[in-house]
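Asker: Protein chains in written order, with my numbering: chain A, 1250 to 1362; chain B, 1212 to 1326.
I have a structure I would like to understand better, so I am pasting it below and will then ask my questions one at a time.
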């Protein structure tokens, strides 16, 4: 069935370093790939997304890349700060595209000062 | 700004009780969702509604039912709560952004403990 695999499950970096989270998806018809950030005790919030007709998108210190051939997409955070510490979820639209999203298992990012 | 609200942030219930979790959105979105979040398991879809009175089972519907009588409100019902339903429950609503793309916005979550 439709599936999104996310790696790593936990990631620890020093403040100022870069962090990369990778996701692979199973459905080649997926056309939308959002990333959500969930701080401790808060709701997941959309931080960046990418559509299937774009290879890369940047917003200040975060960027997302998409490789449709390989069916994977990645979140890149540069110059990490302690406030980047959170759980990050990737997602992809399933083939049915009725509005559902298939979520990855989440990555807990810890940025050490 | 999209607003998705949930009736309770924290709830403690006893085994066997009937539990109602309410979610309200103010963006006239067609779609509403109930997810369950457990450590290491990510966000698992319980039920999805794409219109008033319309619903679709998600990945883990067993032990749950839903109701959507009005477009802005989506309720999750635990007919007879059990301890393994202790979890964080997240509601989301979503609408069409164009080009077949749908966005989703989450509510603050309800942490349910079943004793």
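Built from N, CA and C at the ideal position, the CB exists for glycine as well.
Note that the structure is a prediction, hence the values are computed from the model and not measured.
#1: Suppose you measure from the CA of residue 1261/B to the CA of residue 1246/B; what does that come to, to the nearest Å?
#2: Give the DSSP-derived three-state secondary structure of residue 1252/A in the structure shown.
#3: For residue 1236/B, which beta-bridge partners are listed by DSSP?
#4: So with CB distances below 7 Å, who are the chain A contacts of residue 1319/B?
#5: So within the segment 1299 to 1330 of chain A, which uninterrupted beta strand (DSSP E) runs reach at least 3 residues, ignoring any that extend past its ends?
#6: Between residue 1349/A and the rest of its own chain, which residues show a CB-CB distance below 7 Å, the 5 nearest in sequence each way excluded?
#7: Return the chain-ordered list of same chain residues with a C-beta closer than 6 Å to the C-beta of residue 1361/A, the five sequence neighbours on each side being excluded.
#8: For residue 1217/B, count the other beta carbons within 10 Å of its own beta carbon; 16 or more makes it buried, fewer makes it exposed. Which is it?
#9: Determine the closest residue to residue 1329/A out of 1268/A, 1340/A, 1278/A and 1284/A, with distance taken between C-alpha atoms.
#10: 7 Å is my cut-off, CB to CB: does residue 1337/A come that close to chain D?
#11: Roughly how many whole angstroms lie between the Cα atoms of residue 1326/B and residue 1305/B?
#12: Roughly how many angstroms separate the alpha carbons of residue 1327/B and residue 1265/B, rounded to a whole number?
#13: If you drop the 5 nearest sequence neighbours on each side, which residues of the same chain put their C-beta closer than 8 Å to that of residue 1353/A?
#14: Run through DSSP, which three-state label would residue 1242/B get?
#15: Please identify, using Cβ separations under 8 Å, the residues of the segment 1275 to 1290 of chain A that lie next to chain B, in order along the chain.
#16: Anything in the segment 1297 to 1310 of chain A with a Cβ closer than 7 Å to a Cβ of chain B? List those residues in chain order, please.
#17: In chain B, which residues lie with their C-beta within 8 Å of the C-beta of residue 1322/A?
#18: Have a look at residue 1317/B and residue 1292/A and give me their C-alpha separation to the nearest angstrom.
#19: Hey, could you find the ends of the beta strand (DSSP E) residue 1172/B is sitting in?
#20: Who are the neighbours of residue 1315/B on chain A, taking C-beta pairs under 7 Å?
Answerer: Reading off the structure:
#1: 15 Å
#2: coil
#3: 1215/B
#4: 1292
#5: 1305 to 1308, 1311 to 1316 and 1321 to 1326
#6: 1343
#7: 1263
#8: buried
#9: For residue 1329/A, the nearest C-alpha among the options comes from 1268/A.
#10: Going by chain labels, chain D is absent from the structure shown, which instead holds the protein chains A and B.
#11: 33 Å
#12: Here chain B has residues from 1212 to 1326 only, and residue 1327/B is not among them.
#13: 1253, 1254, 1255, 1272, 1338, 1339 and 1340
#14: strand
#15: 1280, 1281, 1283 and 1285
#16: 1300
#17: Here the premise fails: no neighbours, minimum Cβ distance about 15 Å.
#18: Between residue 1317/B and residue 1292/A, the C-alpha separation is close to 6 Å.
#19: Lying before the first or after the last residue shown, residue 1172/B is absent from chain B, which here runs from 1212 to 1326.
#20: 1350
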